[in-house]
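Peer 1: Reminder that position 144 of the sequence shown reads as 145 in my numbering, one-by-one numbering, no gaps. Ideal placement from N, C-alpha and C gives every residue a C-beta, glycine not left out.
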Amino acid sequence: MRYFQILLIVVFAIAGCKKSPTDSEMKNSKPQAFLWIFPNNPDSLALGISKQHIHWWGEDKDGYVVGFLVGIGKSETSVEWIFKIRNDSVISFPLLTVQDTFLVFVKAIDNHFREKINDGTNIALAASHPFIDYENDGVFNNNDRTLPTLQNALGATAKQKFPIKNTPPTVKFEINSSNVTVQPSETSFTVVTFAWRGNDNDGDNTITKYEIALNDTATNNWVSIDSTVNMITLFVPRAVSDIATGSVTADVMKGTYGNTRKIGEAHGLRLNDTNRIFLRVKDIAEDYSPIVSLPDSGFLWYVKKPKSKLLVIEDYVASSGPNSPDSVLLFYKNIFSQLADSIGDSVRVFDFLSLRRNDGAFIPFHLDPALILTLQQFNFVFWYAGQEPSWSVASNPLFQYAVDPATNGKVLFSTAFQFSIADPRGSIVSFAPIEAVSLSDDSTATRAYADTTVSNISTILNFPPLQFKQNPSIHSLFFYRNLYPRSTATPIYKIDSIVSKTHRKFSPTVGVIDANNRFVFMGVPLHLLNGNGNLPSFFNTVFGNIFK
Ligand SMILES: [Ca+2]
Ligand SMILES: [Ca+2]
Ligand SMILES: [Ca+2]
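1. According to DSSP, is L529 part of a helix, a strand, or is it coil?
2. Compute the Euclidean distance between the alpha carbons of S129 and A159, then round it to the nearest angstrom.
3. Does the distance from the C-beta atom of T194 to that of H367 stay below 7 Å?
4. Exposed or buried, E136, counting other C-beta atoms within 10 Å across all chains shown (16 or more means buried)?
5. Is F539 helix, strand or coil by DSSP?
6. Once the 5 residues before and after I547 are set aside, which same chain residues still bring their CB inside 6 Å of it?
7. Relative to the C-alpha of I493, which candidate in D138, V500, K502, N483 has its C-alpha closest?
8. Kindly provide the ranges of any beta strand (DSSP E) runs that are 3 or more residues long and lie completely inside the segment 105-161, ordered along the chain.
9. Which one of L376, I461, G265, E287 has the shortest CA to CA distance from D227?
10. Measure the alpha-carbon distance for Y402 versus L376 and round it to whole angstroms.
11. Measuring CB to CB, does S456 end up less than 7 Å from D515?
12. Nearest-angstrom Cα distance between D134 and P164?
13. Terminal residues of the continuous alpha helix (DSSP H) containing F400?
14. From V329 to L440, what distance separates their C-alpha atoms?
15. Which residue marks the beginning of the alpha helix (DSSP H) containing K334, and which one marks its end?
16. What are the boundary residues of the beta strand (DSSP E) that includes G252?
17. Assuming I92 contacts I110 under a Cβ cut-off of 8 Å, what Cβ separation, rounded to an integer in Å, is found between them?
18. Per DSSP, T550 forms a beta bridge with which residues?
19. When you measure from the CB of P170 to every non-hydrogen atom of ligand 3, does any distance come out below 6 Å?
20. Excluding sequence positions up to five away, which residues of its chain have a Cβ less than 7 Å from the Cβ of D217?
21. For the segment 412-419 against the segment 376-388, are there 3 or more C-beta pairs whose distance is under 8 Å?
22. To the nearest angstrom, how far is the alpha carbon of F279 from that of Y211?
23. Would you call L467 buried or exposed, if buried means 16 or more other Cβ atoms sit within 10 Å of its Cβ?
24. Contact defined as beta carbons within less than 8 Å: I believe T191 pairs with S242. What is the distance between those atoms, to the nearest angstrom?
25. Applying the 10 Å Cβ sphere with the 16-neighbour rule, what's the burial state of R146?
26. Applying the 10 Å Cβ sphere with the 16-neighbour rule, what's the burial state of Q378?
27. I314: which of K255, S391, K283, P238 sits nearest, CA to CA?
28. Given that a residue counts as buried once 16 or more other Cβ atoms are within 10 Å of its Cβ, and exposed if not, what is Q152?
29. From the DSSP secondary-structure annotation, give me the bridge partner or partners of W37.
30. Considering Cα atoms alone, identify which of E287, S298, Y258 is closest to N276.
31. In the DSSP assignment, find the unbroken alpha helix (DSSP H) run with V348 in it and report its ends.
32. Under 8 Å, with one C-beta from each stretch per pair, do the segment 280-287 and the segment 171-187 reach the 3-pair mark?
33. Considering only residues of the same chain and omitting the five flanking positions on each side of D201, which have a CB-CB separation below 6 Å?
34. Determine, using beta carbons only, whether G68 and F84 come nearer to each other than 7 Å.
35. Identify whether S228 lies in helix, strand or coil by the three-state DSSP scheme.
36. Go to V241, then tell me how far its alpha helix (DSSP H) extends in each direction, as first and last residue.
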């Protein structure tokens, strides 16, 4: 009896050293967790994919369940626990091979747990006391917080084995803002950009590489592309295409203009012919996606071999008659054919790109780098517009081509303006050698008569006098505005006398050249200015003398 009393005192003394447990804590019946699964076979769990919707619940005899600890891994001791309030979660198993087995562990927590924590918090159980492990490093450090009531509220572990198999990845070419797959330009030169998006249900980080092939999916035709690259540009330098016939090897470049880097070579790009690009993606389990290709049915991708030093860009829409796109193109073909022999066929017989025909099907979706690098395959660009150029298409590519000191392209640009000018000055001044375009009715004209002359106003450059050709009824769609050259630029032409919208006679500056003789800007559609037959002489001056 005395022995028993001593024992009782010792027991109470030990208990007294700690915080006194409450009655309910002493008697707590631990909660129990259950996993709830839907096997595809009632007798056994078949192989599943690596993303699964998993359900669980808990029961507590003398209280209620307030949450769960859930972990996925290979063993209970190595698992990383996450606090969950809900009874289910979509879980991604970290599959790195074709097939693997994972265990899901669940512990229920009953109402003896007093600390407030958020759903999804990382909890470490391995140490002598449970704690919130904010950095999930398994170490009690920094701002980590102990959870003194957790141990007593925690039930036994329920677990379930999940055999998991790999899902093949998929890949799609990029879509535009209307959810339509972006097609390559209907006709391109030897610079074409493609972009895509890969997906793997086992986690996009399990994609190991992309592969592309041109025209032929034979095993040795596939080009590997790093899994971090989602946009490539096929690029054939002029030095290669100029001497090539049939098909050619294209450089595969990644990155946008200024940051492009060659990452491979794709064989079999057909020149002056239609082409097709194939794409697939491979995952860490070495499974391939289905192959996708462009263009989609109903579309064409034709690759033109550049033949000249001059790219003529038609950015022109107008009505019928002598101002129709076809008539104007024919007019310019005729003018260029009259250029001096010294300039040669490499300019007289130009390459051509239309931004307006076929609803813009020739405009590359990625102007950067596709249009910039396309322009740079030519020594000269003649860009002609009607009422309004495609400012958003023109500005950055033309800046990179003819303004940036790192490049050496040269541009003759010809446009009129609209009746109501929605301030294109911001776009124009980004590439043209002008500071502003007049918005004032007093220096804006709508009509020029056939005898209206246009004079050279530069003292040093030998530009011929020009003259309007058609009568106003034909070109009354075009509006002329006084140009204000940059301080470094030189005005070269003015309309000698024209009547402004306020019926005042004035003489707007309509031609400007930049300080480096790389950019001639004409604020009149040039096809209107052959009244005195001097237009071929103007083109001779620009391409034979100024640009050289
Ligand atoms: Ca309980
Ligand atoms: Ca920690
Ligand atoms: Ca996969």
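Peer 2: Walking through what the data contain:
1. helix
2. 21 Å
3. yes
4. exposed
5. helix
6. N518
7. N483
8. 123-125
9. G265
10. 7 Å
11. no
12. 29 Å
13. 392-403
14. 27 Å
15. 326-338
16. According to the sequence shown, residue 252 is Asp rather than Gly. Where D252 is concerned, the enclosing beta strand (DSSP E) stretches over 248-255.
17. Actually they do not touch by this definition, with Cβ atoms about 19 Å apart.
18. Residue 550 lies beyond the residue range present for the chain, which begins at 2 and ends at 549; the question has no answer from this structure.
19. yes
20. G269
21. yes
22. 11 Å
23. buried
24. 5 Å
25. exposed
26. buried
27. S391
28. exposed
29. H56
30. S298
31. 346-349
32. yes
33. P170, T207, I208, D284
34. yes
35. coil
36. 239-242
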